Amino acid sequence: DGGITQSPKYLFRKEGQNVTLSCEQNLNHDAMYWYRQDPGQGLRLIYYSQIVNDFQKGDIAEGYSVSREKKESFPLTVTSAQKNPTAFYLCASSIMASGPNEQFFGPGTRLTVL
Amino acid sequence: KQEVTQIPAALSVPEGENLVLNCSFTDSAIYNLQWFRQDPGKGLTSLLLIQSSQREQTSGRLNASLDKSSGRSTLYIAASQPGDSATYLCAAAGGTSYGKLTFGQGTILTVHP
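Taken in sequence, the protein lines are chains V and H. For the first sequence, position 67 (counting from the first letter as 1) is numbered 67 according to the numbering used here, and the numbering increases by one without interruption. Just remember that the numbering used here sits 1000 ahead of the position in the second sequence, which is counted from 1.
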């Protein structure tokens, strides 16, 4: 089955810890994205990557970091600098980053800070 | 800066009713507009994508329309069923070099038997 997988489904973090959320896709898509969703709000873009070894900041990149060493993988690290990290994190991908391409989403990771 | 608004925030209807969800956007320079469905605690499922050159798209009981000049899109659901209960999100893809999606806050739909 082609699709996007995210792990873990639930993640708990202590204050001051860095945690990494995994996102893998086997759709052969060039572009990948990370969004954050807070209760009652729409999704907000954290980072995106149009191609391997390249990524750009989205609207709320502060306190987050990413890497794109492989086409299939786009992990997101939530650092201790992120002041309010408790949220639902969604990864997405599309064939290409530019142009009218449909984005497909993974099942999400719920991060809770203890 | 693109802003997307969805009205109503919540909607409760009896089974079998036809219904319309509304989405408005402030910048008409969009590549496309996508409608998504989200079940509680789950990721987003793409329902329909309307390219900027199109006026509507249909999939089964769903029909989405796009009017760029007025900055509006509607999602029409025919003969609603309890299984349609979910949050529906619209997102506009901007005219920048990447397909950034700007999301509305969603409409929570409840279809009761």
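The beta carbon of each residue, even a glycine, is placed where N, CA and C say it ideally should be. Computed from a predicted model, the values in this text were never measured in an experiment.
Secondary structure at proline 8/V, three-state DSSP: helix, strand or coil? Coil, per DSSP.
At what residue ranges does the stretch 1016-1090 of chain H contain a whole run of the beta strand (DSSP E), taking only runs of 3 or more? 1019-1025, 1030-1038, 1044-1051, 1056-1059, 1062-1067, 1072-1077
Output the distance between the C-alpha atoms of glutamate 69/V and phenylalanine 1036/H, rounded to the nearest integer angstrom. 29 Å
Who are the Cβ neighbours of proline 107/V in its own chain at under 6 Å, not counting the five residues just before and after it? Gln6
Since I believe glutamate 102/V is in contact with leucine 1049/H (beta carbons under 8 Å), could you give me their beta-carbon distance rounded to a whole number of angstroms? 5 Å
Tell whether a beta-carbon distance below 9 Å holds between alanine 1010/H and isoleucine 1077/H. no
Report the rounded CA-to-CA distance for leucine 90/V versus glycine 1016/H, giving the unit in angstroms. 32 Å
Given this structure, state the Cα-to-Cα distance separating glutamine 1051/H from tryptophan 34/V, to the nearest angstrom. For the pair glutamine 1051/H and tryptophan 34/V, the Cα-to-Cα distance works out to about 23 Å.
If you measure from the beta carbon of valine 1004/H to each beta carbon in chain V, is any gap under 9 Å? yes
Please give the ranges of any beta strand (DSSP E) in the stretch 15-44 of chain V, keeping only runs that are unbroken, at least 3 residues long and fully inside the region. Fully enclosed beta strand (DSSP E) runs of 3 or longer: 19-25, 31-37.
Quick one, which of Leu1033/H, Gly1043/H, Tyr1088/H, Ser1028/H has its alpha-carbon nearest valine 1020/H's? Tyr1088/H
Would you say glutamine 103/V reaches chain H, if we count a Cβ-Cβ gap shorter than 9 Å as a contact? yes
Note down, in chain order, every chain H residue with its Cβ under 9 Å from the Cβ of glycine 3/V. None at all; the shortest Cβ gap to chain H is about 10 Å.
Would you identify the three-state DSSP class for leucine 114/V, choosing helix, strand or coil? coil
9 Å Cβ cutoff, glycine 107/V in contact with chain H: Here the sequence assigns proline to residue 107/V, which means glycine is not the residue at that position. True, the Cβ-Cβ gap to chain H drops below 9 Å.
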